[in-house]
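Protein chains: 4
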Amino acid sequence: MPRRVREQQIIDVGVRVFAKRGYHAASVDEIAELAGISKPMVYLYLDSKEGLFLACLRRESDRLVAAFQGAARAGAPEERLYAGLAAFFGFVSDHRDSWVVLHRQAADLGATIAAEVGEVRRVVMAEVAGLVGDGITDSGSGCRGALLGKEDADFVAHALVGAADSLTDWMARNPGESPDGVALRLMHMVWVGMRHALDGEAWAPGER
Amino acid sequence: MPRRVREQQIIDVGVRVFAKRGYHAASVDEIAELAGISKPMVYLYLDSKEGLFLACLRRESDRLVAAFQGAARAGAPEERLYAGLAAFFGFVSDHRDSWVVLHRQAADLGATIAAEVGEVRRVVMAEVAGLVGDGITDSGSGCRGALLGKEDADFVAHALVGAADSLTDWMARNPGESPDGVALRLMHMVWVGMRHALDGEAWAPGER
Amino acid sequence: MPRRVREQQIIDVGVRVFAKRGYHAASVDEIAELAGISKPMVYLYLDSKEGLFLACLRRESDRLVAAFQGAARAGAPEERLYAGLAAFFGFVSDHRDSWVVLHRQAADLGATIAAEVGEVRRVVMAEVAGLVGDGITDSGSGCRGALLGKEDADFVAHALVGAADSLTDWMARNPGESPDGVALRLMHMVWVGMRHALDGEAWAPGER
Amino acid sequence: MPRRVREQQIIDVGVRVFAKRGYHAASVDEIAELAGISKPMVYLYLDSKEGLFLACLRRESDRLVAAFQGAARAGAPEERLYAGLAAFFGFVSDHRDSWVVLHRQAADLGATIAAEVGEVRRVVMAEVAGLVGDGITDSGSGCRGALLGKEDADFVAHALVGAADSLTDWMARNPGESPDGVALRLMHMVWVGMRHALDGEAWAPGER
DNA sequence: CATGAATGAGTCTTCATTCAT
DNA sequence: AATGAATGAAGACTCATTCAT
Chain A
69 MPRRVREQQI IDVGVRVFAK RGYHAASVDE IAELAGISKP MVYLYLDSKE
119 GLFLACLRRE SDRLVAAFQG AARAGAPEER LYAGLAAFFG FVSDHRDSWV
169 VLHRQAADLG ATIAAEVGEV RRVVMAEVAG LVGDGITDSG SGCRGALLGK
219 EDADFVAHAL VGAADSLTDW MARNPGESPD GVALRLMHMV WVGMRHALDG
269 EAWAPGER
Chain B
69 MPRRVREQQI IDVGVRVFAK RGYHAASVDE IAELAGISKP MVYLYLDSKE
119 GLFLACLRRE SDRLVAAFQG AARAGAPEER LYAGLAAFFG FVSDHRDSWV
169 VLHRQAADLG ATIAAEVGEV RRVVMAEVAG LVGDGITDSG SGCRGALLGK
219 EDADFVAHAL VGAADSLTDW MARNPGESPD GVALRLMHMV WVGMRHALDG
269 EAWAPGER
Chain C
69 MPRRVREQQI IDVGVRVFAK RGYHAASVDE IAELAGISKP MVYLYLDSKE
119 GLFLACLRRE SDRLVAAFQG AARAGAPEER LYAGLAAFFG FVSDHRDSWV
169 VLHRQAADLG ATIAAEVGEV RRVVMAEVAG LVGDGITDSG SGCRGALLGK
219 EDADFVAHAL VGAADSLTDW MARNPGESPD GVALRLMHMV WVGMRHALDG
269 EAWAPGER
Chain D
69 MPRRVREQQI IDVGVRVFAK RGYHAASVDE IAELAGISKP MVYLYLDSKE
119 GLFLACLRRE SDRLVAAFQG AARAGAPEER LYAGLAAFFG FVSDHRDSWV
169 VLHRQAADLG ATIAAEVGEV RRVVMAEVAG LVGDGITDSG SGCRGALLGK
219 EDADFVAHAL VGAADSLTDW MARNPGESPD GVALRLMHMV WVGMRHALDG
269 EAWAPGER
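Residue numbers (this note's numbering), protein chains in the order written: chain A, 69 to 276; chain B, 69 to 276; chain C, 69 to 276; chain D, 69 to 276.
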């Protein structure tokens, strides 16, 4: 069996096991066994547990980015945000484990891995920030850009990513909902408000 | 040194270490050392690594609930949501590790612990769902209740908890922001839209 | 509470626990707790786990010897053997744990203890050897002494002690039997044969 | 080195160490070291300390049973008993540790092990009971069967096994004696008497 | 007389990793 | 290309034992 194929098989299993158990609790033994090969092969191909995890991380990260970029890159900003969210929920629907590996590792990783995980998260966040920042900046007359400056976009991106991550669980518990439906609901929550907020409507505690 | 005091000291350190490393990667040795005592004391007082973790979980969970309940329980629904969010961000500001222990464990926990962690998460979610569900249901003329039925409240609660969790990281990276400020920003994102959404304004893909 | 009383209480519990678990698996913690006192008292009174075990050993050994010596020391030799056996089975009936502590420890004891246990076993064996050796030597015309010389008496003593020990289990599983009954049965097995053997009757393989 | 061979080596050493120290006091470390391998191998091949002990137990138990069954299974009943005893003493002469592992563990074993040890002891006892029960029942005119009913055979078996066990120690201290010699002496003690006892001769305390 | 608090040392067990074949 | 055999290092847990009070 050619090397590349084997490698992918190992990574497939790795993603499953890392998602199920977390980095530390996952054992190379289990991964090798589920992959149907012997442990030395894992080390031959992927170097170390860390190497294996990084390979998983990278492949899934690429897949997620690809899913994002496959989504409509043009059109009205809100369309693009919607498309991005829909792509995200679609991706998670299809590859639950990938997202878990990418986003739900505990803080128990070595320096090298932590760095790469941080990088992945930053990329995701930047992608989303681009979506909302650009989206809104470009969105119309141009003067609205002020409200969502770089810092605001980052704030909103964090909120959106967090919400989306959490809604991942909600989806798992509400299997009837389609990814597009979830994205739409989230848009309702966020976009309608944003539209008005950009027009200057605000909320303040103590208002009545 | 009396038992109770020591116990709290151990839990203090436990929360710190579990937050930093995650359940599996945390070692009882390290916790004992940081607590300035020997391992057997940890076992004498907390029974096992699992027992220690559960003790941490429970204490921090209680603290979080207390922080929530200290927030205004009366007033207009949006005031209550704002107060709840502000309380949450305040709590996380003061006890970063607590939230990490409560919410960011990887999937590598034994059955007993997983059950308790699940329970904690469910309670938090229910608290928030209550905030938005009741808040909106009661909010005005009463007829708005329809939009945020039980399922909607659950959806919104997931989105909010996820957003808040993620904004936790944002706060850590933007130390200038006060918890109240973060809560306010999140309210802007969400509440203004909700107000309009409840009035029937919607968004649909492909609209223009 | 006076020291002597406490000491006996501790030894009481010690015998129970050592019998139930064996020397190694018994824990001083458990003994202290069952005795209703704190561990330092155990150490104050008995010095160490080894000291505690030795105290148990000695007390129970004395009790067993006393039980033996209480049995008829005079009379026909076979009467004395019977009385000795009956005393033994009576003792074990009443103090199962004592016998277990005295005779059923695994080989896992430190040098000091092993020596003392060996000594106790030797004393028991000698007592019995005395019973059969003297018994038979003195028994009648005097010429029979030849058959049961010192080595023979030792052999018979080993066989008898082993049989008695094992019958201890049989008794436990046949609660209807009285100690005297068991002793009688054993006498039947052994004495009748011995009477004839002393008269020169033998058995050889291949005889027909 | 192939797995099977190593496994047997480990068990060899296990029997030696368990015999010398007893289950609890034996340490896997020591066994690994004496076997000339590292601890993980022991766990890889035998699973756990318990697993290792059970493996020892089973192998030695099989050996003992084989030794028994190698002994003459036919011939006059007393011949068979003698052959059985001789086989036993021969076995113990050659494999002192085996018998110790099989029969001399303190009461400190976990449930699983205790069950298996109990089973082994029951098998040995049944084997001997079969020897004396059948042996005597079948022995002659047939009418003698009455004396050694099932319960009597069990009693005698206990006595014999106990005696044999104890004589094991005697043998160790009298190295000149051959196993056959010991068996013969024990036959003298027991069989001659039994022959007469079956013919109705009895002994009663107080008789003269 | 009595104990709560504390620990050094040791045991079982597992895991990532390598080497000889 | 592939693996059976092997291990150093580390982690959870327990126990006999001792102070300070």
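We treat Cβ as the ideally placed atom computed from N, Cα and C, and that holds for glycine.
When the Cα atoms are used, what is the spatial distance from D:Glu-75 to D:His-92? D:Glu-75 and D:His-92 have their C-alpha atoms some 21 Å from each other.
Taking contact to mean 3 or more Cβ pairs, one atom from each stretch, closer than 8 Å, check whether the segment 187–200 of chain B and the segment 143–163 of chain B are in contact. At 8 Å Cβ cutoff, the stretches touch.
Measuring only the C-alpha atoms, how far is D:Ile-79 from D:Phe-136? If you take the alpha carbons of D:Ile-79 and D:Phe-136, they lie about 22 Å apart.
Could you check which residue in C:Gln-77, C:Val-85, C:Met-193, C:Asp-267 has the C-alpha nearest to that of C:Leu-153? The shortest C-alpha separation from C:Leu-153 is found at C:Met-193.
Nearest candidate by alpha-carbon position, reference C:Asp-176, set C:Trp-271, C:Ala-94, C:Pro-273: Of the candidates C:Trp-271, C:Ala-94, C:Pro-273, the one whose C-alpha sits nearest the C-alpha of C:Asp-176 is C:Ala-94.
Taking 8 Å as the cut-off, does the segment 157–171 of chain A touch the segment 235–242 of chain A (at least 3 CB pairs, one atom from each stretch)? Short answer: they touch.
Between the Cα of A:Ser-116 and the Cα atoms of A:Gly-178, A:Phe-223, A:Phe-156, which residue gives the shortest distance? The option with the nearest alpha carbon to A:Ser-116 is A:Gly-178.
Can you tell me which of the three DSSP states A:Gln-173 falls into? In the structure shown, A:Gln-173 adopts coil according to DSSP, grouped into three states.
Would you verify that the beta carbon of B:Lys-218 is, or is not, closer than 8 Å to some beta carbon of chain A? With 8 Å as the cut-off, B:Lys-218 does not count as an interface residue toward chain A.
For a contact meaning CB atoms closer than 7 Å, what does C:Tyr-150 contact in chain D? Within chain D, the residues near C:Tyr-150 are Pro-273.
Between the Cα of A:Val-73 and the Cα atoms of A:Val-85, A:Leu-114, A:Arg-89, A:Glu-98, which residue gives the shortest distance? In terms of CA proximity to A:Val-73, A:Leu-114 leads the group A:Val-85, A:Leu-114, A:Arg-89, A:Glu-98.
Counting contacts by CB-CB distance shorter than 8 Å, is A:Ser-116 in contact with chain B? Not an interface residue.
Alpha carbon to alpha carbon, how far is D:Val-188 from D:Ile-99? One alpha carbon belongs to D:Val-188, the other to D:Ile-99, and they sit about 23 Å apart.
Going by DSSP in three states, B:Arg-141 sits in which element: helix, strand or coil? Three-state result, B:Arg-141: coil.
Just by C-beta distance, which residues in the segment 83–107 of chain B are closer than 8 Å to chain A? For the segment 83–107 of chain B, which is checked against every Cβ of chain A, the residues closer than 8 Å are Ala-87, Lys-88, Arg-89, Gly-90, Tyr-91, His-92, Ala-93, Ala-94.
Within 8 Å of any Cβ in chain C, is that where the Cβ of D:Glu-128 sits? No, because no Cβ of chain C sits closer than 8 Å to the Cβ of D:Glu-128.
From D:Trp-271 to D:Gly-261, what distance separates their C-alpha atoms? One C-alpha to the other measures close to 11 Å.
Applying a beta-carbon distance threshold of less than 9 Å, which residues of chain B neighbour A:Val-229? Within chain B, the residues near A:Val-229 are Gly-230, Ala-231, Ser-234.
Strictly under 8 Å for the Cβ-Cβ distance: is D:Arg-190 near chain C by that measure? Answer no: the Cβ-Cβ gap between D:Arg-190 and chain C never drops below 8 Å.
Neighbourhood of A:Ser-106 by C-beta distance below 8 Å, restricted to the same chain and skipping five residues each side: The residues are Ala-100.
For a test of the three-state rule: what should DSSP assign to B:Met-257, helix, strand or coil? Helix, per DSSP.
Roughly how many whole angstroms lie between the Cα atoms of D:Gln-173 and C:Pro-243? A direct Cα-Cα distance of roughly 24 Å separates D:Gln-173 from C:Pro-243.
Counting C-beta neighbours from all protein chains within 10 Å, is the total for D:Met-69 16 or more, i.e. buried, or is it exposed? Under this definition D:Met-69 is an exposed residue.
D:Leu-132 and D:Glu-184 - do their beta-carbons sit closer together than 8 Å? Result no, Cβ atoms of D:Glu-184 and D:Leu-132 do not sit closer than 8 Å.
Just reading off the alpha helix (DSSP H) that A:Ala-225 is part of, what are its end residues? From DSSP, the alpha helix (DSSP H) with A:Ala-225 extends over 218–241.
Between which two residues does the alpha helix (DSSP H) holding C:Gly-82 run? In the DSSP assignment, C:Gly-82 falls within the alpha helix (DSSP H) that extends over 71–89.
Using three-state DSSP, classify B:His-92 as helix, strand or coil. If DSSP states are grouped into helix, strand and coil, B:His-92 belongs with coil.
Cβ-Cβ distance between D:Leu-122 and D:Ile-181 below 8 Å: Yes, the Cβ-Cβ distance between D:Leu-122 and D:Ile-181 is below 8 Å.
Pairwise C-alpha distance: A:Arg-141 and B:Met-109: About 59 Å.
Whole-angstrom distance between C:Ser-166 and C:Val-85, CA atom to CA atom: Each residue's alpha carbon lies about 11 Å from the other.
Closer than 8 Å, CB to CB, is D:Gly-198 near chain C or not? So, not an interface residue.
Locate the alpha helix (DSSP H) running through C:Pro-108, then write down its first and last residues. Unbroken alpha helix (DSSP H) run through C:Pro-108: 107–114.
Give the residues from the segment 168–182 of chain D that approach chain C closer than 8 Å (Cβ to any Cβ), ordered along the chain. Contact residues of the segment 168–182 of chain D toward chain C are Val-168, Arg-172, Gln-173, Ala-174, Ala-175, Asp-176 (C-beta to C-beta distance below 8 Å).
According to the Cβ coordinates, are A:Glu-128 and A:Val-83 closer than 8 Å? Taking 8 Å as the cut-off, the Cβ atoms of A:Glu-128 and A:Val-83 count as close.
Along chain B, which residues have their Cβ under 7 Å away from the Cβ of A:His-163? None at all; the shortest Cβ gap to chain B is about 16 Å.
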